[in-house]
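Top to bottom, those sequences are chains A and B. Just so we're aligned, residue 1 is where the first sequence starts under this note's numbering, counting upward by one. Just so we're aligned, residue 1001 is where the second sequence starts under this note's numbering, counting upward by one. Presented below is the structure to which this report refers.
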Amino acid sequence: MLQRIIIPPPTCGLDMRVNYNYPESTVVRAGDRLFLSGISAIHPGTGERLHGTLAAEAHQCFQNLSMILGRAQSSLERVVSVHAMIYDRVEYDVLNRVYRQYMPEGPPARTVWSVRLPYAFKVQLDVTAIV
Amino acid sequence: MSLTREVIQPKNPALNASKNLKLPHSPGIRAGDFIYLSGMVSIDPVTGLPSPGSVEHETRTILENMSHMLESAGSSLSRAVKVNVCLADIVLFDTMNGVYREFFPVNPPARTTCGVQLSMGLKVEIEVIALHGEETA
C-alpha cells in the first residue's frame, strides 16, 4: 500500500500553515508523485505577501516552486501538470512571458484559469510533479 | 499488465449525485493506488437533493459526504493527498477554512482554493485525490 508522506517546506516563510493558518500541507508525496498546495507570491524568508504586478508575482511563484520542489527531491524539469490561475484573462500573455523563462524545454501539461484568488493574489500555481 | 479502471459508487445511493442528477460523470474512479472523486457539492444524504445553505453548512455536508464516499471506496479522509476547493465567492475562504480544518486536524492534504461561478446557487464545491487503503502509523 502506498504511503502518504508530508514533506515540509524548505523555509519557514513558505509554510502557509504557520504564516497564514491555512489547513494544508505544502507537499504530499505518494509514491513517485508530488501533490503541491497552491503556490502564491510570498517572501520565502518572512512569508510576507508580495505586492506587485502579475509578472512580479509569477517570478516569485516560480522561485518558491523551485525551492519547494528541490526540498522534495524534484525540480521544475520534473513538473507534470500545472493549473495556472490568474485574476484576469487579459494577463494571459504576461503570464506566458514569465512562464517560458522557467519552463523552456518540454513544458508540463497546463491549463490556465481566470478565477478569484485568496487575499487578491494575482497568480497561483497548482502543481503536480514527480520525484 | 495495464492498470484497472474501477468506477466508485457510494454505499448510500442518495449520495450518488452523478446518477440521481443524471450527470455525465462517475462519483469517483479508482486507478491503482489512486482514487479521484468528482467535484462534490452539498447534497442531503437522506433526500439526495442539493442542500444549499451557509458556507459552514455546505462545507460540513460536503466533507461528511466525502468521508462516506472515500470509505465506500476503501479509503478515508486521512488518505487524501490533494484537495481542490472552489468557492462561489473568495471572501468565503476564511469561513470555509474554519469548518475544513475540523476534518483535517493533522497532516492535512495539499490543497488549492479559488473563486469561480458554481451551479444551482451553491457556494462550495470540493474535489479530492486520495490513496486507497488505510492510514498506517
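Think of the CB as a built atom: it goes at the ideal place given N, C-alpha and C, for glycine as much as any other residue. The structure displayed is predicted, hence computed values, not measured ones.
Inter-residue Cα distance where the pair is A/Val-27 and A/Gly-38:
As a working note, residue 27 of chain A is residue 27 in the first sequence. As a working note, residue 38 of chain A is residue 38 in the first sequence. Roughly 10 Å between the two C-alpha positions.
Given a cut-off of 8 Å, decide if A/Val-98 and A/Ala-58 are closer than it, judged by their beta-carbon atoms.
If you number the first sequence from 1, residue 58 of chain A lands on position 58. If you number the first sequence from 1, residue 98 of chain A lands on position 98. Contact flag set, yes.
Residues near B/Val-1041 by beta carbon distance below 6 Å, same chain, minus five either side
For the purposes of this step, residue 1041 of chain B is taken as the residue at position 41 of the second sequence. These residues qualify, in order along the chain: Leu-1122, Glu-1125.
How would you call B/Leu-1037, buried or exposed, if buried means at least 16 neighbouring beta carbons within 10 angstroms?
Counting from one through the second sequence, the residue named residue 1037 of chain B turns up at place 37. B/Leu-1037 should be labelled buried.
Within 8 Å, strictly: CB atoms of B/Leu-1077 and B/Phe-1103:
For the purposes of this step, residue 1077 of chain B is taken as the residue at position 77 of the second sequence. For the purposes of this step, residue 1103 of chain B is taken as the residue at position 103 of the second sequence. Yes, the Cβ-Cβ distance between B/Leu-1077 and B/Phe-1103 is below 8 Å.
Beta-carbon proximity check, B/Ala-1130 vs B/Leu-1070, cutoff 8 Å
Working through the second sequence from its first residue, we reach residue 1130 of chain B at position 130. Working through the second sequence from its first residue, we reach residue 1070 of chain B at position 70. Yes, the Cβ-Cβ distance between B/Ala-1130 and B/Leu-1070 is below 8 Å.
With a threshold of 7 Å (Cβ to nearest heavy atom), would B/Arg-1101 be considered close to the ligand SAH?
The ligand content of the structure shown is nil, which means the ligand SAH is not present either.
Please report how far the alpha carbon of A/Ala-41 lies from the alpha carbon of A/Gln-63, in whole angstroms.
Position 41 of the first sequence, counting from 1, holds the residue named residue 41 of chain A. Position 63 of the first sequence, counting from 1, holds the residue named residue 63 of chain A. Approximately 9 Å between the Cα atoms of the pair.
B/Thr-1061 to B/Leu-1015, Cα distance in whole Å?
Position 61 of the second sequence, counted from the first residue, corresponds to residue 1061 of chain B. Position 15 of the second sequence, counted from the first residue, corresponds to residue 1015 of chain B. Using only the alpha carbons, I get a separation of about 11 Å.
Restricting to Cα atoms, I'd like to know which of A/Gln-124, A/Thr-11, A/Arg-4 is closest to A/Ala-56.
Position 56 of the first sequence, counted from the start, is the residue given in the question as residue 56 of chain A. Residue A/Gln-124 is the option with its Cα nearest to A/Ala-56.
Determine, using beta carbons only, whether A/Val-131 and A/Ser-74 come nearer to each other than 8 Å.
As a working note, residue 131 of chain A is residue 131 in the first sequence. As a working note, residue 74 of chain A is residue 74 in the first sequence. Contact flag set, yes.
Counting only the same chain and skipping the five closest in sequence on each side, list residues whose C-beta sits under 6 Å from that of A/Arg-49.
As a position in the first sequence, residue 49 of chain A is number 49, starting the count at 1. Closer than 6 Å at the Cβ level, and outside the excluded window around A/Arg-49, lie Ile-42.
Looking at chain A, which residues of the region 1116 to 1131 of chain B have a Cβ within less than 8 Å of any of its Cβ atoms?
For the region 1116 to 1131 of chain B, the set of residues with a beta-carbon nearer than 8 Å to any beta-carbon of chain A comprises Val-1116, Ile-1129, Leu-1131, in chain order.
Once the 5 residues before and after B/Asn-1084 are set aside, which same chain residues still bring their CB inside 6 Å of it?
Numbered from its first residue, the second sequence carries residue 1084 of chain B at position 84. Around B/Asn-1084: Thr-1112, Glu-1127.
Taking Cβ-Cβ distances shorter than 7 Å, what residues in chain A pair up with B/Tyr-1100?
As a working note, residue 1100 of chain B is residue 100 in the second sequence. Chain A residues near B/Tyr-1100: Pro-23.
Less than 8 Å between CB atoms is the rule here; does A/Ile-86 satisfy it with respect to chain B?
Residue mapping note: residue 86 of chain A aligns to position 86 of the first sequence, counting from 1. Judged by the 8 Å Cβ criterion, A/Ile-86 is not in contact with chain B.
For A/Tyr-102, which residues in the same chain have their Cβ closer than 7 Å to its Cβ, ignoring the five residues on either side in sequence?
Counting from one through the first sequence, the residue named residue 102 of chain A turns up at place 102. Same-chain partners within the cutoff: Phe-62, Leu-76.
For a contact meaning CB atoms closer than 8 Å, what does B/Thr-1061 contact in chain A?
Your numbering for residue 1061 of chain B matches position 61 in the second sequence. Within 8 Å Cβ-Cβ: nothing; B/Thr-1061 doesn't reach chain A, min ~18 Å.
What does B/Arg-1079 reach in chain A if we use C-beta pairs closer than 8 Å?
Within the second sequence, the letter at position 79 stands for residue 1079 of chain B. Residues of chain A whose Cβ lies closer than 8 Å to the Cβ of B/Arg-1079 are, in chain order, Arg-4.
Could you give the distance in angstroms between the alpha-carbon of A/Pro-9 and the alpha-carbon of A/Asp-15?
Here residue 9 of chain A is taken as the residue at index 9 of the first sequence, counted from 1. Here residue 15 of chain A is taken as the residue at index 15 of the first sequence, counted from 1. About 6 Å.
Using a Cβ cut-off of 8 Å (strictly closer), state whether B/Arg-1030 contacts chain A.
The residue labelled residue 1030 of chain B in the question sits at position 30 within the second sequence. Answer no: the Cβ-Cβ gap between B/Arg-1030 and chain A never drops below 8 Å.
Applying a beta-carbon distance threshold of less than 8 Å, which residues of chain A neighbour B/Pro-1109?
Your numbering for residue 1109 of chain B matches position 109 in the second sequence. Glu-24, Ser-25, Val-28, Phe-35, listed in chain order.
Among B/Pro-1105, B/Arg-1079, B/Ser-1075, B/Glu-1056, nearest to B/Asp-1094 - alpha-carbon criterion:
Counting from one through the second sequence, the residue named residue 1094 of chain B turns up at place 94. Checking every option, the nearest Cα to that of B/Asp-1094 belongs to B/Glu-1056.
Anything in chain B within Cβ reach of A/Asp-190, meaning under 8 Å, just list it in chain order.
Coverage of chain A is limited to positions 1 through 131, which leaves residue 190 of chain A absent and any answer about it impossible.
Limits of the unbroken beta strand (DSSP E) element including B/Leu-1037:
Looking up residue 1037 of chain B in the second sequence gives position 37. Run containing B/Leu-1037: 1034 to 1040, per the beta strand (DSSP E) assignment.
Neighbouring residues, chain B, relative to A/Leu-50 (Cβ below 7 Å)
As a working note, residue 50 of chain A is residue 50 in the first sequence. Near A/Leu-50 there are no residues of chain B at all, since even the closest Cβ is about 18 Å away, more than 7 Å.
What does the alpha-carbon distance come out to for the pair B/Val-1099 and A/Leu-34?
Reading the second sequence from its first residue, position 99 is the one you call residue 1099 of chain B. Reading the first sequence from its first residue, position 34 is the one you call residue 34 of chain A. Taking the straight line from one Cα to the other gives about 26 Å.
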